[in-house]
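Asks: Be aware that the sequence shown starts at 1, since it is given in UniProt numbering, and climbs by one per residue. We put the beta carbon where it would ideally sit given N, CA and C, even for glycine. Sending over a structure as structure tokens; questions will come in a sec.
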Amino acid sequence: MSGPQRFASPFHRPHCLAAAAPAGKTKLTHPGKAILAGGIAGGIEICITFPTEYVKTQLQLDAKANPPRYKGIVDCVKLTVKSHGVQGLYRGLSSLVYGSIPKAAVRIPSLCKKRRNYCTSCSNKQINNDSLKFGMFEFLSNHMRDENGKLDGTRGLLCGLGAGVAEAVVVVCPMETIKVKFIHDQCSAKPQYRGYFQGVREIIRQHGLRGTYQGLTATVLKQGSNQAIRFYVMTSLKNWYKGNNPNKDMNPLVTGAFGAIAGAASVFGNTPIDVIKTRMQGLEAHKYKNTVNCAYQIMKHEGLRGFYKGTIPRLGRVCLDVALVFVIYEEVVKVLNRVWQTE
């Protein structure tokens with residue numbers, strides 16, 4: 001006697017990666033969705049936070065030996081606006097706007113208002129940077145999850161480290177070098193960069209292509225530690241919040257709070273590296289033989305406090321940055337999962 005007949009549905013099962021995950025198993029994010037979502041999140045974030053990045057960079061370049069030009073954050077903003085107008089707070093953003101990742105960047109159309117070498121809209125470099133970062137993280141994490149699809153904090157740290165190193169080499173170092181030189185040049189008695197392309201030509205003429213990769217070691221250390229810390233903290237907090245249900249929805253406010261905590265952790269963890277990177281990429285980078293010598297010179301002339309210049313504006317920017325990026329990223333992925341079916 002044959003066993004009980006199993007019911008066979010006459011309807012075809014739709015193909016949908018995100019909706020087909022078994023109960024108790026984490027839904028994976030397609031790297032393509034991560035690239036697109038990361039790009040959108042990065043573009044929106046940079047529109048909001050770039051002035052704080054400008055202030056942070058100026059304070060880090062403001063060595064005591066000069067003596068200092070600025071008394072603090074408010075004084076930096078006041079003097080910049082007085083001398084160059086509000087658009088002066090966007091000096092160097094053009095270097096981020098023109099950045100790109102060949103064959104990997106996702107370009108998001110944006111409306112830009114340009115005035116000389118300023119831009120008051122989205123940054124393609126930031127779009128491409130976050131595209132690469134999230135795309136690489138999802139690619140690595142999809143291969144490092146356990147049998148239930150869960151990613152623990154340690155593996156999240158390693159995936160973040162890989163994503164940070166990749167973005168540092170491909171995008172961040174050349175674009176950050178140009179950005180820092182543009183910001184530093186604005187404080188010179190006779191600024192030599194009249195626009196983005198003229199400025200890049202001048203940098204390459206004076207320093208060669210290597211001039212756009214100054215501070216590579218410090219940049220790799222900074223971006224690697226940045227993303228390792230952020231993704232470790234974010235992954236650990238998300239695992240704690242979701243408990244035994246890895247597919248539990250997270251309120252955007254919770255995601256934002258976790259992102260701000262992860263951002264703060266990275267600031268206190270690697271601001272000294274960020275200061276060294278900025279000095280190595282400034283117009284006075286020739287004063288330092290290498291990354292180690294730069295750290296020695298800062299310690300010798302400015303003490304430990306010199307390694308934490310710009311911490312407060314960086315803390316404000318990074319907490320807002322990471323919170324916004326993670327919130328927007330998660331929400332965009334949810335939308336993409338509904339409209340983009342992937343295997």
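Within 10 angstroms of the Cβ of E138, are there 16 or more other Cβ atoms? Answer buried if so, exposed if not.
Replies: Residue 138 sits at position 138 when you count from the first residue of the sequence shown. Per the 10 Å Cβ criterion, buried.
Asks: Could you tell me the alpha carbon to alpha carbon distance between K238 and P252, rounded to whole angstroms?
Replies: If you number the sequence shown from 1, residue 238 lands on position 238. If you number the sequence shown from 1, residue 252 lands on position 252. Each residue's Cα considered, the two are about 12 Å apart.
Asks: Is it the case that the Cβ atoms of T235 and E330 are separated by a distance below 8 Å?
Replies: Residue numbering aside, residue 235 sits at position 235 when the sequence shown is read from its first letter. Residue numbering aside, residue 330 sits at position 330 when the sequence shown is read from its first letter. Between T235 and E330, the C-beta gap is not smaller than 8 Å, which leaves the two residues out of contact.
Asks: Using 8 Å as the cut-off, can you tell me whether the region 195 to 210 makes contact with the region 253 to 272, which would need three or more C-beta pairs spanning the two stretches below that distance?
Replies: no
Asks: Taking buried to mean at least 16 other C-beta atoms within 10 Å of its own C-beta, is K82 buried or exposed?
Replies: The sequence position of residue 82 within the sequence shown is 82, counting from 1. So K82 counts as exposed.
Asks: Is DSSP giving C173 helix, strand or coil here?
Replies: For this step, residue 173 is matched to residue 173 along the sequence shown. Residue state, collapsed to three classes: helix.
Asks: Can you give the Cα-Cα distance for L320 and R230, rounded to whole angstroms?
Replies: Reading the sequence shown from its first residue, position 320 is the one you call residue 320. Reading the sequence shown from its first residue, position 230 is the one you call residue 230. The straight-line gap from Cα to Cα measures roughly 13 Å.
Asks: Measuring straight from C-alpha to C-alpha, what distance separates V307 and N270?
Replies: In the sequence shown, residue 307 corresponds to position 307, counting from 1. In the sequence shown, residue 270 corresponds to position 270, counting from 1. Sequence inspection shows Phe at residue 307; the Val mentioned does not correspond to that position. About 10 Å.
Asks: When the distance is taken between beta carbons, is L59 closer than 8 Å to G282?
Replies: Indexing the sequence shown from 1 puts residue 282 at position 282. Indexing the sequence shown from 1 puts residue 59 at position 59. No, they are not a contact pair.
Asks: Could you spell out the range, first to last residue, of the alpha helix (DSSP H) harbouring Y196?
Replies: Locating residue 196 in the sequence shown gives position 196, counting from the first residue. Y196 -> alpha helix (DSSP H) spans 196 to 207.
Asks: Give the DSSP-derived three-state secondary structure of P67 in the structure shown.
Replies: Numbered from 1 along the sequence shown, position 67 holds the residue referred to as residue 67. Residue state, collapsed to three classes: coil.
Asks: Does DSSP classify Y193 as helix, strand or coil?
Replies: For the purposes of this step, residue 193 is taken as the residue at position 193 of the sequence shown. Y193: coil per DSSP, three-state reduction.
Asks: Check H30 in the structure and name its three-state DSSP category.
Replies: Numbered from 1 along the sequence shown, position 30 holds the residue referred to as residue 30. Note: H30 maps to coil in three-state DSSP.
Asks: With a 10 Å radius around its C-beta and 16 neighbouring C-beta atoms as the bar for buried, classify G205 as buried or exposed.
Replies: Residue numbering aside, residue 205 sits at position 205 when the sequence shown is read from its first letter. Contrary to the premise, residue 205 reads as Arg rather than Gly in this sequence. It counts as exposed.
Asks: Taking the straight line between their C-alpha atoms, what separation do you get for A323 and I73?
Replies: Locating residue 323 in the sequence shown gives position 323, counting from the first residue. Locating residue 73 in the sequence shown gives position 73, counting from the first residue. Going from the Cα of A323 to the Cα of I73 covers about 22 Å.
Asks: Within the continuous alpha helix (DSSP H) that includes G156, where are the two ends?
Replies: Along the sequence shown, one-based indexing puts residue 156 at 156. From DSSP, the alpha helix (DSSP H) with G156 extends over 153 to 167.
Asks: Taking 8 Å as the cut-off, decide whether the C-beta atoms of Q214 and T177 are in contact.
Replies: In the sequence shown, residue 214 corresponds to position 214, counting from 1. In the sequence shown, residue 177 corresponds to position 177, counting from 1. Against a cut-off of 8 Å, the Cβ pair of T177 and Q214 comes out as a contact.
Asks: Can you check whether the CB of R314 is closer than 8 Å to the CB of I298?
Replies: If you number the sequence shown from 1, residue 298 lands on position 298. If you number the sequence shown from 1, residue 314 lands on position 314. Going by C-beta atoms, I298 is not nearer than 8 Å to R314.
Asks: If you count every other CB in all the chains shown that lies within 10 Å of the CB of S123, and 16 or more means buried, which is it?
Replies: Taking the sequence shown and counting its residues from 1, the one referred to as residue 123 is at position 123. For S123, the predicted structure reports a pLDDT of 45, less than 50, and the residue's modelled location is therefore unreliable. The matter cannot be settled from this model.
Asks: Between the beta-carbon of A218 and the beta-carbon of I276, is there less than 8 Å?
Replies: Position 218 of the sequence shown, counted from the start, is the residue given in the question as residue 218. Position 276 of the sequence shown, counted from the start, is the residue given in the question as residue 276. Contact flag set, yes.
Asks: Go ahead and pull the three-state DSSP assignment for C16.
Replies: The residue labelled residue 16 in the question sits at position 16 within the sequence shown. Its pLDDT being 38, under 50, C16 is placed unreliably by the model, and the measurement read from it follows with that caveat. Coil at C16, not helix or strand.
Asks: Can you tell me whether DSSP reads S188 as helix, strand or coil?
Replies: Locating residue 188 in the sequence shown gives position 188, where the first residue counts as 1. If DSSP states are grouped into helix, strand and coil, S188 belongs with coil.
Asks: By how many angstroms is the C-alpha of R145 removed from the C-alpha of V171?
Replies: As a first step, residue 171 must be located in the sequence shown, where it is residue number 171. As a first step, residue 145 must be located in the sequence shown, where it is residue number 145. Their Cα atoms are separated by approximately 27 Å.
Asks: Which residues in the same chain have their Cβ closer than 6 Å to the Cβ of K285, if we skip the five residues on either side of it in sequence?
Replies: For the purposes of this step, residue 285 is identified with residue 285 of the sequence shown, where counting begins at 1. Just to set this straight, residue 285 is Ala in the shown sequence, not Lys. Excluding residues within five positions, the ones whose Cβ falls inside 6 Å are Q214.
Asks: Decide if Q223 is buried, meaning its Cβ has at least 16 other Cβ atoms within 10 Å, or exposed.
Replies: Against the sequence shown, residue 223 aligns to sequence position 223. Buried, since its Cβ has 16 or more Cβ neighbours within 10 Å.
Asks: Buried or exposed for Q192, going by 16 or more other Cβ atoms inside 10 Å?
Replies: Taking the sequence shown and counting its residues from 1, the one referred to as residue 192 is at position 192. Exposed, since its Cβ has fewer than 16 Cβ neighbours within 10 Å.
Asks: Report the residue from K150, A295, Q227, H143 whose alpha carbon sits nearest the alpha carbon of G160.
Replies: Counting from 1 along the sequence shown, the entry for residue 160 is found at position 160. Comparing Cα-Cα distances from G160 to each of K150, A295, Q227, H143, the minimum goes to Q227.
Asks: Any idea if E167 is buried or exposed, counting beta-carbon neighbours within 10 angstroms, 16 or more meaning buried?
Replies: Sequence index remark: in the sequence shown, residue 167 carries index 167 (1-based). That one is buried.
Asks: Report yes if the C-beta distance between G164 and L140 is below 8 Å; otherwise report no.
Replies: Numbered from 1 along the sequence shown, position 164 holds the residue referred to as residue 164. Numbered from 1 along the sequence shown, position 140 holds the residue referred to as residue 140. Not closer than 8 Å, so no.
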